[in-house]
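To start, the structure itself, in structure tokens.
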Amino acid sequence: MTELIPPHLSAPLAAVDRTYACENCGCSPAAPMTFRGHRGMIIVMQFLKNKGVYCRDCGLAVFRTMTSRTLVQGWWGWASFIITPFILLYNLFGRLKLNKLATPVPAPEGWAGAPWSPGRPVYQRPTIVGALVPLAVVGVFVYAAATGGDSSKVGQCIRATTGDSVLFVDCDTANDGVVTKVVDDEDQCPSDSIGTVEEFHESRYGGSKITDDYLCIGTSEQV
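Heads up: the sequence shown begins at -18 in the numbering used here, then just goes up one per residue.
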């Protein structure tokens, strides 16, 4: 006898978990979930939260919206700069929960609407440029550490002024030597140094002098 219905089509459909129904569209399966957002405003900040029972598509739409907005609004403040990565990480855990949900199925009876459109993935939205903000800030600090600070004084010329003070001057002008090394102790200066300059700051308590470092001074020919 010829089979009119192929076996793979006659098999019963998998049961839909209807423990929860999406509060937006009424579809199942769904699950309770919370997605968060953050908005930094230099001095003040705002914590955002979207809590509900969502199917996969509606939850994905909320995740992408909250995360995208946080990427561009969350960094603007010293505390917000620290908080925002944790908010983004929190949402990623919620995203993993969405992955466990099957395709939304309307309720067998009663009202059910269409799930929200999830829209484009976060990495395909213009707001993804917000991810460059922390990278740019870190880059500035790395650049400053590499080109600024004490190491940037090496190769600069000095000229003595009244008292124990010195000025950094152009090496093409009259000077009393050039900085060859920056050290913590003057005994660490090269043996051919012609002198040292002590850099210090005054303590907030009692005005005592606290040494920061020593500049080893050599002749211009040494650099």
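Quick reminder that beta carbons are idealized off the backbone N, C-alpha and C, glycines included.
Cys205 lies in the alpha helix (DSSP H); which residues open and close that run? This structure does not reach residue 205, given that the chain is present from -18 up to 204, and the question cannot be answered.
Is any heavy atom of the ligand COA found at a distance shorter than 7 angstroms from the C-beta of Gly55? Here there are no bound small molecules, and the ligand COA is not part of this structure.
Using only CA atoms, which one of Ala(-4), Tyr195, Ile191 lies nearest to Ala88? Ala(-4)
Distance check for Gly21 and Ala2, CA to CA, integer angstroms please. 34 angstroms
With contact counted as at least three CB pairs below 8 angstroms, one residue from each stretch, are the region 93 to 100 and the region 26 to 45 in contact? yes
First and last residue of the uninterrupted beta strand (DSSP E) at Leu162: What sits at residue 162 in the sequence shown is Lys, not Leu. From DSSP, the beta strand (DSSP E) with Lys162 extends over 158 to 164.
Which listed residue (Ile175, Arg17, Pro171) has its alpha carbon closest to that of Thr65: Arg17
Taking the straight line between their C-alpha atoms, what separation do you get for Met26 and Ala155? 53 angstroms
Can you check DSSP and say which residues form a bridge with Lys30? Arg17
CA-CA distance, Thr48 and Val114? 15 angstroms
How close, in whole Å, do the beta carbons of Asp193 and Phe181 come, if the pair is a contact with beta carbons under 8 angstroms? 6 angstroms
Quick check on Ser9: does DSSP put it in helix, strand or coil? strand
Does DSSP put Ala155 in a helix, a strand or coil? coil
Does the pairing of the region 104 to 114 with the region 6 to 16 give three or more beta-carbon distances under 8 angstroms? no
Cβ-based burial, Val159 [other Cβ within 10 Å; buried from 16]: buried
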